[in-house]
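Those protein sequences? They're chains A and B, same order as listed.
What the first sequence shows, in full-length UniProt numbering, is residues 1 to 163, in sequence order.
What the second sequence shows, in full-length UniProt numbering, is residues 1 to 163, in sequence order.
Written out below as structure tokens is the structure these notes cover.
Protein chains: 2
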Amino acid sequence: MAETSPPPPLRDGLELHAPHRSLPIALLRARERVMERFRPLLNAHDVTEQQWRVMRVLRESGPLDAKTLAERACVLAPSLTRMLRSLETRGLISTQRDAEDRRRTRVVLNPRGEAILHAAAPQSAKIYAQLEAELGAERIERLLDELDAFMQVLEPRDPPSGA
Amino acid sequence: MAETSPPPPLRDGLELHAPHRSLPIALLRARERVMERFRPLLNAHDVTEQQWRVMRVLRESGPLDAKTLAERACVLAPSLTRMLRSLETRGLISTQRDAEDRRRTRVVLNPRGEAILHAAAPQSAKIYAQLEAELGAERIERLLDELDAFMQVLEPRDPPSGA
DNA sequence: GCATTTTAATTAACATGTTAATTTTAGTCC
DNA sequence: GGACTAAAATTAACATGTTAATTAAAATGC
Numbered sequence: 001m002a003e004t005s006p007p008p009p010l011r012d013g014l015e016l017h018a019p020h021r022s023l024p025i026a027l028l029r030a031r032e033r034v035m036e037r038f039r040p041l042l043n044a045h046d047v048t049e050q051q052w053r054v055m056r057v058l059r060e061s062g063p064l065d066a067k068t069l070a071e072r073a074c075v076l077a078p079s080l081t082r083m084l085r086s087l088e089t090r091g092l093i094s095t096q097r098d099a100e101d102r103r104r105t106r107v108v109l110n111p112r113g114e115a116i117l118h119a120a121a122p123q124s125a126k127i128y129a130q131l132e133a134e135l136g137a138e139r140i141e142r143l144l145d146e147l148d149a150f151m152q153v154l155e156p157r158d159p160p161s162g163a
Numbered sequence: 001m002a003e004t005s006p007p008p009p010l011r012d013g014l015e016l017h018a019p020h021r022s023l024p025i026a027l028l029r030a031r032e033r034v035m036e037r038f039r040p041l042l043n044a045h046d047v048t049e050q051q052w053r054v055m056r057v058l059r060e061s062g063p064l065d066a067k068t069l070a071e072r073a074c075v076l077a078p079s080l081t082r083m084l085r086s087l088e089t090r091g092l093i094s095t096q097r098d099a100e101d102r103r104r105t106r107v108v109l110n111p112r113g114e115a116i117l118h119a120a121a122p123q124s125a126k127i128y129a130q131l132e133a134e135l136g137a138e139r140i141e142r143l144l145d146e147l148d149a150f151m152q153v154l155e156p157r158d159p160p161s162g163a
């Protein structure tokens, strides 16, 4: 075969997955490339990306207990605790203890929070449309499908109950 | 054309991209699913994920100035400043002012840092092999290719010079 | 040659990630 | 029904993300 093919580098698990072909980093970079487009909008409305996610989940699911909310919005429980304090102070959400299970906190999106989502919606749609124009709707769908399949195959190590 | 095709729901950009079909969230979740496997290893060696990335970049690229290092390791400059202080205190890296351009900081991986990477390599390789076994090498390659293409098509808004 | 602008790092201030420990309330077992 | 265990939040401590402002040094323009 090839006479001077370089010997494969020793497989110690580091050389092989150089940063440019590392799954975690590739996912991180792609995500950053997308969020970069949305950040100005979020800043304009004075909400962080995570606060945005929390409010959107509340908007789509209705009132939720903190644990479910954290799972769906992809934030950790300690982060959510702090965020809820901040969001409640700003009047964007409300919280109260669950009457039946007093360990739980129920979280509700306030009209004021809803108003922010509503106000940002047109620009958000425009940004997403621009992304679609650049990437093609098919590519986005394909990537989402790929990621969905990825998640279905790769089971969580420690199932957090919320599928 | 179609007589009863359902009218497209009003595109306010929120309903349409429910969290489960949102690109940023899908990327975030997939990444978390992978990192979950590596976190125990990182914790065992008492390094964070970001510190791990910084040391790996140094290992593969050799000494670098802070800006290039930050770009390649996907950390922000202010974060890197703090990380370098911490890593240098622990003896894992060294820094010095560039002689020719005294604005720049040159960062070098110390033997002690290299030793950590080396010590973690076998377990790292094992974890990656396990991921490949669950997902299939083809699926991983396909996803990486998809993400690469994604990045090539979606230009950064504000090119940070490092392509 | 000097003022202006640009660039690399840093600092500051606040928000979130991450883990461990703690508190409070529910469930369980005997 | 009281001790034990499990679950939901919270707190604490530290690391990083994010933006804006600042500092120091280099490039630029005239």
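Quick reminder that beta carbons are idealized off the backbone N, C-alpha and C, glycines included.
- Task: Under 7 Å between beta-carbons, which chain A residues line up against residue 47 (chain B)? List them in chain order, please.
- Result: For residue 47 (chain B), none of the residues of chain A pass the 7 Å Cβ criterion, the least Cβ distance being about 13 Å.
- Message: So, for residue 51 (chain B): in the same chain, excluding its five sequence neighbours on each side, which residues have a beta-carbon less than 7 Å away from its beta-carbon?
- Response: For residue 51 (chain B), the CB contacts under 7 Å within the same chain, skipping 5 residues up- and downstream, are 83 and 87 in chain order.
- the region 108–118 of chain B contacting the region 46–60 of chain B, beta-carbon criterion three pairs below 8 Å: Touching, per the Cβ criterion.
- Query: Are the beta-carbon atoms belonging to residue 69 (chain B) and residue 107 (chain B) less than 7 Å from one another?
  - Reply: Yes, these two residues count as a Cβ contact at 7 Å.
- Message: Quick check for students: name the residue ranges of the beta strand (DSSP E) that lie wholly in the UniProt domain "HTH marR-type" (20–152) of chain B, counting only runs of 3 or more.
- Response: Runs of the beta strand (DSSP E) inside the UniProt domain "HTH marR-type" (20–152) of chain B: 93–97 and 105–109.
- Query: In chain order, what residues of the same chain lie with their CB nearer than 8 Å to the CB of residue 3 (chain B), ignoring the 5 residues before and after it?
  - Reply: Bear in mind that a pLDDT of 47 at residue 3 (chain B), under 50, signals an unreliable position, so the model cannot answer this.
- Query: Looking at the C-beta of residue 134 (chain B), does it have a partner C-beta in chain A at a distance below 7 Å?
  - Reply: With 7 Å as the cut-off, residue 134 (chain B) counts as an interface residue toward chain A.
- Task: Note down, in chain order, each residue of its chain lying with its Cβ closer than 8 Å to the Cβ of residue 53 (chain B), except the 5 sequence neighbours on either side.
- Result: Here the set comprises 73, 74 and 75.
- Query: Which one of A:157, A:153 and A:140 has the shortest CA to CA distance from residue 21 (chain B)?
  - Reply: It is A:140.
- Cutoff 6 Å; reference residue 96 (chain A); Cβ partners in own chain excluding five residues on either side: Correct list, in chain order: 106.
- Message: Residues in the same chain with beta-carbon distance under 8 Å from residue 39 (chain A), minus the five sequence neighbours each way, listed in chain order, please.
- Response: Setting aside the 5 residues that flank it on each side, residue 39 (chain A) is surrounded in the same chain by 49, each with a C-beta closer than 8 Å to its C-beta; the list follows chain order.
- Query: Which whole-angstrom value is the C-beta distance of residue 37 (chain B) and residue 29 (chain A), which I expect to be below 8 Å?
  - Reply: The C-beta distance from residue 37 (chain B) to residue 29 (chain A) rounds to 19 Å, too long to fall under 8 Å, and the pair is not in contact.
- Taking 7 Å as the CB-CB cut-off, is residue 146 (chain B) touching chain A? Yes, because at least one Cβ of chain A sits closer than 7 Å to the Cβ of residue 146 (chain B).
- Message: Whole angstroms are fine: how far does the CA of residue 23 (chain A) sit from the CA of residue 133 (chain A)?
- Response: Those two C-alpha atoms are separated by around 26 Å.
- chain A contact for residue 58 (chain B) (CB, 7 Å cutoff): Chain A contact via Cβ: absent.
- Task: Express the C-alpha separation of residue 120 (chain B) and residue 92 (chain B) in angstroms, rounding to a whole number.
- Result: Approximately 14 Å, taken between the alpha carbons.
- Message: Counting C-beta neighbours from all protein chains within 10 Å, is the total for residue 99 (chain B) 16 or more, i.e. buried, or is it exposed?
- Response: Burial check for residue 99 (chain B): the Cβ neighbour count within 10 Å stays below 16, so the residue is exposed.
- Return no unless some Cβ of chain A is closer than 7 Å to the Cβ of residue 138 (chain B). It does not: the Cβ of residue 138 (chain B) has no partner Cβ on chain A nearer than 7 Å.
- For residue 40 (chain A) and chain B, any beta-carbon pair shorter than 7 Å? It does not; no Cβ of chain B falls within 7 Å.
- Would you mind stating whether residue 146 (chain A) and residue 143 (chain B) have Cβ atoms separated by less than 7 Å? Their beta carbons are under 7 Å apart, which means residue 146 (chain A) touches residue 143 (chain B) by this criterion.
- Do residue 65 (chain A) and residue 104 (chain A) have their CB atoms nearer than 7 Å? Judged by their CB atoms, residue 65 (chain A) and residue 104 (chain A) are nearer to each other than the 7 Å cut-off.
- Task: Would you identify the three-state DSSP class for residue 155 (chain A), choosing helix, strand or coil?
- Result: In the structure shown, residue 155 (chain A) falls within a coil segment according to DSSP collapsed to helix, strand and coil.
- Task: Check the Cβ-Cβ distances between residue 36 (chain A) and every residue of chain B, and say whether any is below 7 Å.
- Result: At least one beta carbon of chain B lies nearer than 7 Å to the beta carbon of residue 36 (chain A).
- Task: Below 8 Å CB to CB, which residues in the same chain sit around residue 127 (chain A) once its five sequence neighbours on both sides are set aside?
- Result: The residues are 37, 38 and 41.
- Item | Cα-Cα separation between residue 153 (chain B) and residue 26 (chain A), rounded to whole angstroms | Going by the C-alpha atoms only, they are around 14 Å apart.
- Looking at residue 55 (chain A) and residue 117 (chain A), is the spacing between their C-beta atoms short of 7 Å? Against a cut-off of 7 Å, the Cβ pair of residue 55 (chain A) and residue 117 (chain A) comes out as a contact.
- Task: Measure the alpha-carbon distance for residue 90 (chain B) versus residue 34 (chain B) and round it to whole angstroms.
- Result: Straight across, the Cα-Cα distance linking residue 90 (chain B) with residue 34 (chain B) is about 28 Å.
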